[in-house]
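Engineer: Mind having a look at this structure? Questions to follow.
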Amino acid sequence: MTLGSLLHYGSIGGTIACSALGVSLGISYIAQGAMEALYIQPSAEKEISKISILAMALTETGGVIGLTVALMMLMSTRGFDNTLLHPGIARFGIFFSIGIASLFVGAVSALPAREACLSVARQPFFGNKIMNIMLITMSIIQTPIIFGFITAVMINTQATNVETLGQALALLSAGACLGLGSIGPAYGQSIYARSACQTLGNNRNTYRSILTFSLISQAMIESPIIFALLTSLLILGITTATISPMQSLLTVVAGLCVGITNIAPGISSGRTAAEAAKQITYNLSHYAIITRTSLIAQGLIDTFAIYGLLIALLLLLFIK
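Counting from 0, one number per residue, gives the positions in the sequence shown under numbering that gives the first Met the number 0.
This is the structure we're talking about:
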């Protein structure tokens with residue numbers, strides 16, 4: 000067995016393994032929350048069961064996409080020499096874009112789902128509204144997996160024709176950029192989504208306010224992963240057979256720059272929004288000032304992700 004074949008088949012196995020690990024952890028945590036909610040409020044069995052089943056189905060997104068990508072890699076590389084090193088390095092980027100993203104997204108998706116079940120136990124006649132907030136927030140949490148799938152398809156398409164180390168490193172950096180860049184926003188989204196569901200469980204009169212705030216706030220938390228997708232697509236777009244190893248190092252640095260700088264802003268923005276949602280629970284009359292303060296703070300936090308994107312774009316300009 001060569002290093003190339005090890006990287007090729009390792010990326011296939013690692014993608015589905017990490018996806019399965021994240022999804023299984025998330026589903027088990029959701030089930031635990033549903034059991035706790037049933038213990039607190041047995042009469043809300045139908046609402047709790049419906050919410051937990053829908054949440055588990057959404058959490059399965061990472062596993063389904065991971066399986067799809069693994070099968071795609073197996074089928075699309077039949078008839079090709081999978082022992083070559085450079086295509087193997089390139090395809091390892093798929094492990095980052097799908098495997099790492101699905102691992103974290105699958106695990107953290109359980110946070111709002113568990114809190115939604117417990118909120119229904121406290122507000123059994125308000126289950127539909129709580130479920131609406133949970134579905135909206137959880138759907139947005141899954142976006143890194145969709146972005147990762149787009150990147151993985153493009154990497155797999157180009158990896159077949161990779162002939163140089165420069166091409167291989169560039170494709171690897173594109174996947175690493177998206178995979179690492181999804182960690183912070185996914186966790187930040189889940190922190191906020193958990194707080195939003197908890198808010199409705201404590202004060203059902205906050206539904207309209209929390210719904211409006213969720214759409215705006217989650218868009219801001221989501222910004223860093225969009226920067227990661229943009230950087231990955233730019234790297235994939237400039238990757239040609241003529242790219243040199245030195246130029247490919249610029250793509251690696253650019254990808255890591257965006258991926259790593261996304262982690263802290265994504266988490267911090269989510270924590271800020273979560274605290275704002277908590278304050279709305281007890282100070283609904285001050286909704287406007289709480290929202291304004293939170294959005295200003297989140298905007299300032301996101302500037303650090305913008306700085307990372309700016310440096311990455313400047314690095315990629317040197318390649319041209």
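C-beta atoms are modelled at their ideal positions from N, C-alpha and C, and glycine is treated no differently.
Which whole-angstrom value is the C-beta distance of L170 and I154, which I expect to be below 8 Å?
Structural biologist: For the purposes of this step, residue 170 is taken as the residue at position 171 of the sequence shown. For the purposes of this step, residue 154 is taken as the residue at position 155 of the sequence shown. Their Cβ separation, rounded to whole angstroms, is 5 Å, which keeps L170 and I154 in contact under 8 Å.
Engineer: Can you tell me whether A54 is buried or exposed, with buried defined as 16 or more other CB within 10 angstroms of its CB?
Structural biologist: Locating residue 54 in the sequence shown gives position 55, counting from the first residue. It is buried - the Cβ of A54 has at least 16 other Cβ atoms within 10 Å.
Engineer: Among residues of its own chain, excluding the 5 on either side of A100, which ones have a beta-carbon nearer than 6 Å to its beta-carbon?
Structural biologist: To locate residue 100, count along the sequence shown from 1; it is residue 101. Cβ within range, chain order: P143, I144, G147, G178, S181.
Engineer: Please tell me whether I129 and S118 are closer than 8 Å, where the distance is taken between their beta carbons.
Structural biologist: As a working note, residue 129 is residue 130 in the sequence shown. As a working note, residue 118 is residue 119 in the sequence shown. Yes. Within cutoff.
Engineer: Just how far apart, CA to CA, sit C196 and S293?
Structural biologist: Residue numbering aside, residue 196 sits at position 197 when the sequence shown is read from its first letter. Residue numbering aside, residue 293 sits at position 294 when the sequence shown is read from its first letter. Straight-line Cα distance between these residues: approximately 18 Å.
Engineer: Taking only the alpha-carbon atoms, compute the straight-line gap between Y38 and C116 and give it to the nearest angstrom.
Structural biologist: Mapped onto the sequence shown, residue 38 falls at position 39. Mapped onto the sequence shown, residue 116 falls at position 117. Rounded to whole angstroms, Y38 to C116 spans 11 Å at the Cα level.
Engineer: In this structure, does DSSP put Q141 in helix, strand or coil?
Structural biologist: Indexing the sequence shown from 1 puts residue 141 at position 142. Of the three classes helix, strand and coil, the one that applies to Q141 here is coil, per DSSP.
Engineer: If you measure between the beta carbons of M74 and I93, is that distance less than 8 Å?
Structural biologist: As a working note, residue 74 is residue 75 in the sequence shown. As a working note, residue 93 is residue 94 in the sequence shown. The answer is no: Cβ separation not under 8 Å.
Engineer: Pull up the CB-CB distance for L315 and V251, whole angstroms please, since I reckon it's below 8 Å.
Structural biologist: On the sequence shown, residue 315 is found 316 positions in, with the first residue counted as 1. On the sequence shown, residue 251 is found 252 positions in, with the first residue counted as 1. Their Cβ separation, rounded to whole angstroms, is 11 Å, which puts L315 and V251 out of contact at 8 Å.
Engineer: Find out if the Cβ-Cβ distance for the pair Y28, A109 is shorter than 8 Å.
Structural biologist: Numbered from 1 along the sequence shown, position 29 holds the residue referred to as residue 28. Numbered from 1 along the sequence shown, position 110 holds the residue referred to as residue 109. The answer is yes: Cβ separation under 8 Å.
Engineer: Please state whether DSSP places S247 in a helix, a strand or coil.
Structural biologist: Numbered from its first residue, the sequence shown carries residue 247 at position 248. Helix.
Engineer: What do you get for F317, buried or exposed, if any count of 16 or more other CB atoms within 10 angstroms of its CB means buried?
Structural biologist: Here residue 317 refers to the residue found at position 318 of the sequence shown. Label assigned to F317: exposed.
Engineer: Just to confirm the assignment: which complete alpha helix (DSSP H) runs, minimum length 4, are found wholly within the segment 203 to 247?
Structural biologist: 206 to 237
Engineer: I want to know whether the segment 280 to 300 touches the segment 208 to 223 - three or more CB-CB distances under 8 Å.
Structural biologist: yes
Engineer: Please check the pair A240 and Q166, which I expect to be a contact at CB under 8 Å, by giving their CB distance rounded to whole angstroms.
Structural biologist: Taking the first residue of the sequence shown as position 1, residue 240 is located at position 241. Taking the first residue of the sequence shown as position 1, residue 166 is located at position 167. The Cβ separation is near 6 Å, so the contact holds.
Engineer: How far does the alpha helix (DSSP H) with R193 in it extend, from its first residue to its last?
Structural biologist: On the sequence shown, position 194 is the one that residue 193 refers to. Here the alpha helix (DSSP H) through R193 covers 182 to 201.
Engineer: As a quick exercise: from A151, T60, Y281, pick the residue whose alpha carbon is nearest that of N204.
Structural biologist: Locating residue 204 in the sequence shown gives position 205, where the first residue counts as 1. It is Y281 whose Cα lies nearest to the Cα of N204.
Engineer: Return the CA-CA distance between I149 and V68, expressed in angstroms with no decimal places.
Structural biologist: Counting from 1 along the sequence shown, the entry for residue 149 is found at position 150. Counting from 1 along the sequence shown, the entry for residue 68 is found at position 69. Answer to the nearest angstrom: the Cα atoms are 10 Å apart.
Engineer: Using the Cα positions of V161 and G183, report the straight-line distance between them to the nearest angstrom.
Structural biologist: Position 162 of the sequence shown, counted from the start, is the residue given in the question as residue 161. Position 184 of the sequence shown, counted from the start, is the residue given in the question as residue 183. Put simply, the backbone Cα of V161 is about 31 Å away from that of G183.
Engineer: If we count the other Cβ atoms within 10 Å of its Cβ and call it buried at 16 or more, is F124 buried or exposed?
Structural biologist: In the sequence shown, residue 124 corresponds to position 125, counting from 1. Exposed is the call here.
Engineer: Count the other C-beta atoms from every protein chain shown that fall within 10 angstroms of the C-beta of R331, then say buried if there are 16 or more, exposed otherwise.
Structural biologist: Coverage of the chain is limited to positions 0 through 319, which leaves residue 331 absent and any answer about it impossible.
Engineer: Would you grab the beta carbon distance between T14 and G98 for me? Rounded to a whole angstrom, and I think it's under 8 Å.
Structural biologist: Translated into positions along the sequence shown, residue 14 becomes position 15. Translated into positions along the sequence shown, residue 98 becomes position 99. So it is a contact: roughly 4 Å between Cβ atoms.
Engineer: Ordered along the chain, which non-local residues of its own chain (more than five positions away) have a Cβ less than 6 Å from that of T82?
Structural biologist: For the purposes of this step, residue 82 is taken as the residue at position 83 of the sequence shown. Sequence-distant Cβ neighbours of T82 in its own chain, meaning closer than 6 Å and more than five residues away, are T1, G3, S4.
Engineer: Taking only the alpha-carbon atoms, compute the straight-line gap between G9 and L235 and give it to the nearest angstrom.
Structural biologist: As a first step, residue 9 must be located in the sequence shown, where it is residue number 10. As a first step, residue 235 must be located in the sequence shown, where it is residue number 236. Their backbone Cα atoms lie some 22 Å apart in a straight line.
Engineer: So S268 is in the alpha helix (DSSP H); what residue range does that whole segment cover?
Structural biologist: Within the sequence shown, the letter at position 269 stands for residue 268. Segment 262 to 281, the alpha helix (DSSP H) holding S268.
Engineer: Of all the options Y206, S42, L312, S138, which has the alpha carbon lying nearest to the alpha carbon of L255?
Structural biologist: Taking the sequence shown and counting its residues from 1, the one referred to as residue 255 is at position 256. The residue with the shortest Cα to Cα distance from L255 is L312.
Engineer: So A33 packs on S51, CB below 8 Å; how close in whole Å?
Structural biologist: Taking the sequence shown and counting its residues from 1, one reaches residue 33 at position 34. Taking the sequence shown and counting its residues from 1, one reaches residue 51 at position 52. Yes, they are in contact, since the Cβ atoms of A33 and S51 sit about 4 Å apart, within 8 Å.
Engineer: Let's see if you can read the secondary structure: which residues bound the alpha helix (DSSP H) around L83?
Structural biologist: Residue mapping note: residue 83 aligns to position 84 of the sequence shown, counting from 1. From DSSP, L83 is part of no alpha helix (DSSP H); its letter is neither H nor E.
Engineer: Under three-state DSSP, which class holds E114?
Structural biologist: The residue you call residue 114 lines up with position 115 of the sequence shown. DSSP places E114 in helix when its eight states are reduced to three.
Engineer: Going by C-alpha to C-alpha distance, which of M133, Y191, A218, I289 sits closest to I47?
Structural biologist: One-based indexing of the sequence shown puts residue 47 at position 48. Comparing Cα-Cα distances from I47 to each of M133, Y191, A218, I289, the minimum goes to M133.
Engineer: Measure the C-alpha to C-alpha separation of N127 and E221 and round it to an integer number of angstroms.
Structural biologist: In the sequence shown, counting from the first residue as 1, residue 127 sits at position 128. In the sequence shown, counting from the first residue as 1, residue 221 sits at position 222. The alpha-carbon atoms of N127 and E221 are separated by roughly 25 Å.
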